[in-house]
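As structure tokens, the structure follows; a few thoughts come after it.
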Amino acid sequence: MTEIHTPFLVIGAGMTGLAFANFLDGQDYLVVEAQSEIGGWCKTVHRDGFVWDYSGHFFHFKHPDIEAYLRQRMAGEKIVTVEKNSLIYIDGCHVDFPFQKNIHQLPKERFIDCLYDLFFRQEAAHQVDSDSFEGMLVEKFGRSISDLFLIPYNEKLYACDLERLDRDAMGRFFPHADMAAILRNMRYPDNASYNATFTYPLGGAIRYVEALAGDLDEEKILTDAPLVSVDPTRKVATLADGRSISYDHLISSAPFDRLLDMTGIDHDRSLFTSNKVLVHNLGFDKKGPEGVHWIYFPERDVSFYRAGFYDNIMGQDRMSLYVEIGLPTDAEVDVEASRRRVLRDLEKVGVVEDHRLIAHHDVILDPAYVHITSASRRAFDELSATLRCAGIYSIGRYGGWTYCSIEDNIVEARQLARRFNRIL
Ligand SMILES: Cc1cc2nc3c(=O)[nH]c(=O)nc-3n(C[C@H](O)[C@H](O)[C@H](O)COP(=O)(O)OP(=O)(O)OC[C@H]3O[C@@H](n4cnc5c(N)ncnc54)[C@H](O)[C@@H]3O)c2cc1C
Numbered sequence: 015m016t017e018i019h020t021p022f023l024v025i026g027a028g029m030t031g032l033a034f035a036n037f038l039d040g041q042d043y044l045v046v047e048a049q050s051e052i053g054g055w056c057k058t059v060h061r062d063g064f065v066w067d068y069s070g071h072f073f074h075f076k077h078p079d080i081e082a083y084l085r086q087r088m089a090g091e092k093i094v095t096v097e098k099n100s101l102i103y104i105d106g107c108h109v110d111f112p113f114q115k116n117i118h119q120l121p122k123e124r125f126i127d128c129l130y131d132l133f134f135r136q137e138a139a140h141q142v143d144s145d146s147f148e149g150m151l152v153e154k155f156g157r158s159i160s161d162l163f164l165i166p167y168n169e170k171l172y173a174c175d176l177e178r179l180d181r182d183a184m185g186r187f188f189p190h191a192d193m194a195a196i197l198r199n200m201r202y203p204d205n206a207s208y209n210a211t212f213t214y215p216l217g218g219a220i221r222y223v224e225a226l227a228g229d230l231d232e233e234k235i236l237t238d239a240p241l242v243s244v245d246p247t248r249k250v251a252t253l254a255d256g257r258s259i260s261y262d263h264l265i266s267s268a269p270f271d272r273l274l275d276m277t278g279i280d281h282d283r284s285l286f287t288s289n290k291v292l293v294h295n296l297g298f299d300k301k302g303p304e305g306v307h308w309i310y311f312p313e314r315d316v317s318f319y320r321a322g323f324y325d326n327i328m329g330q331d332r333m334s335l336y337v338e339i340g341l342p343t344d345a346e347v348d349v350e351a352s353r354r355r356v357l358r359d360l361e362k363v364g365v366v367e368d369h370r371l372i373a374h375h376d377v378i379l380d381p382a383y384v385h386i387t388s389a390s391r392r393a394f395d396e397l398s399a400t401l402r403c404a405g406i407y408s409i410g411r412y413g414g415w416t417y418c419s420i421e422d423n424i425v426e427a428r429q430l431a432r433r434f435n436r437i438l
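Residues 15 to 438 (my numbering) are what the sequence shown spells out, left to right.
This is the structure we're talking about:
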């Protein structure tokens, strides 16, 4: 088969891969994408007047230059800025997010339990492994806050035992709060978090993808082109159709464990585990609850861990939901049965009343949340250093085996491209 040569071979046309190609300064590249469309997990579906992302993707830019860069390339796109209103549903009540700062909104007995355990949290702390995510929760917030929300919610999301996860598994995305902040919030509510306000293009998250792709040469993005193997010594990669591509540098946004498989580098599979998320996008004939953007559901008898309301973000008059279910990667999924159960659960929690479902879309994100453990961090550091020596750079949310936002993906990709721009 013909051999193509490129100085920069990029695996994946998601935000990371496209951002890397964007920030290369006039150098040649080739992006190979396994799917028939670009965007990775930032794709958007337009159906029957509803606009749905693969899962609700909302944007909280910390770098004004990145936001400006994207917006310059989105002429004509309406982007709304929204002050977040997110709630937690527990036992028929709604509590503002973050839970730990709003325990005073719980019924009195539960509030007393939470406050008591928060104050005497040291008594529970010595019974847990403080290096684990679960241990961190109990150590910082006490038993009741952990048991009512933080543990069951995160177990539903990650679909794993939280004792396995690193203390810092969620990094800056975890809303920390000390005793003083919690008490102060009871008198002077301040639920600001990293995503207190967010922006959203009315055409969906794909508009950010298109903003990046717009500057690239279409012929240099191959879709339906899954890469199946990489020979790090010869610097030759092979596509599923047998074509081979030689490269000087390989930039991969494929999940790290799959990149290792492609390169044939031996690794312990048990270190790189993740969940998958089944997303049901649901469009109804009329409006549902108003004003709320998403609700967290920690209770185990509700199948989903979160439901979000696009209609309240985009100002629409029909309820448009995304509902997320965390699952182990090896779980068998009956999508139809799951959707039926979701509709029953939505009725149970009062979101759906006499609404009629008129459109839907379902997708499984696999991987969705990687399980960050101290062993996975160590193995990633070692193995990615070995790959770098062979000119292979594994970046992005799944390439970096981490928890991050699309802005983080762009920042990382830009940093790497700039390094090459300086060298070459
Ligand atoms: C449920 C959920 C909600 C989220 N919400 C938000 C949010 O609100 N805001 C936010 O900023 N971020 C959010 N994120 C994170 C965001 O989705 C990611 O940071 C971002 O999409 C990662 O982009 P990426 O390009 O690194 O990876 P991906 O989007 O996974 O792209 C990688 C691409 O590589 C391709 N690929 C993989 N293997 C191969 C191969 N062998 N050959 C060729 N191509 C290959 C894939 O098909 C894919 O297109 C969310 C993530 C999830 C799971």
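Each residue gets a CB set at the ideal place from its N, CA and C atoms; glycine is no exception. Here the structure is a predicted model, which is why all the values come from computation and not from measurement.
Report the three-state DSSP secondary structure of residue i (helix, strand or coil).
i	result
residue 425	helix
residue 249	coil
residue 310	strand
residue 199	helix
residue 66	strand
residue 297	strand
residue 322	strand
residue 128	helix
residue 83	helix
residue 19	strand
residue 436	helix
residue 57	coil
residue 33	helix
residue 118	helix
residue 420	helix
residue 43	coil
residue 223	helix
residue 340	strand
residue 5	Here the chain comprises residues numbered 15 to 438, so residue 5 is not present and cannot be evaluated.
residue 289	strand
residue 335	strand
residue 277	helix
Please indicate yes or no: does the CB of residue i lie closer than 7 Å to some heavy atom of ligand 2?
i	result
residue 423	Ligands displayed in this structure: ligand 1; ligand 2 is not among them.
Which word fits residue i, buried or exposed, when buried means at least 16 other C-beta atoms lie within 10 angstroms of its C-beta?
i	result
residue 362	exposed
residue 20	buried
residue 157	buried
residue 14	The requested residue 14 does not occur in the structure, where the chain is confined to residues 15 to 438.
residue 105	exposed
residue 331	exposed
residue 56	buried
residue 277	buried
residue 333	buried
residue 90	exposed
residue 359	buried
residue 121	exposed
residue 135	buried
residue 54	buried
residue 324	buried
If residue i and residue j are in contact, beta carbons under 8 Å, what's the gap, nearest whole angstrom?
i	j	result
residue 212	residue 72	4 Å
residue 377	residue 68	5 Å
residue 292	residue 347	6 Å
residue 30	residue 410	3 Å
residue 159	residue 114	5 Å
residue 261	residue 84	Not quite, the Cβ-Cβ distance comes to about 28 Å (not below 8 Å), so this is no contact.
residue 23	residue 259	6 Å
residue 214	residue 94	6 Å
residue 61	residue 263	At roughly 39 Å, the Cβ-Cβ gap does not stay under 8 Å, so residue 61 and residue 263 are not in contact.
Do residue i and residue j have their C-beta atoms closer together than 8 Å?
i	j	result
residue 417	residue 184	yes
residue 356	residue 294	yes
residue 33	residue 52	no
residue 228	residue 181	no
residue 421	residue 76	yes
residue 239	residue 427	no
residue 351	residue 38	no
residue 306	residue 289	no
residue 369	residue 322	no
residue 179	residue 144	no
residue 257	residue 18	yes
residue 285	residue 408	no
residue 310	residue 111	yes
residue 371	residue 298	yes
residue 415	residue 434	no
residue 217	residue 337	no
### Stretch pair the stretch 277 to 290 + the stretch 36 to 47: three plus CB contacts closer than 8 Å
no
### Task
Count the CB pairs spanning the stretch 392 to 408 and the stretch 362 to 372 that are closer than 8 Å, and state whether there are at least three.
no
### Task
Count the C-beta pairs between the stretch 265 to 276 and the stretch 307 to 324 that are closer than 8 Å, then say yes if the count reaches three, no if not.
no
### Query
Is the stretch 331 to 351 in contact with the stretch 116 to 132, if contact means three or more CB pairs nearer than 8 Å?
no
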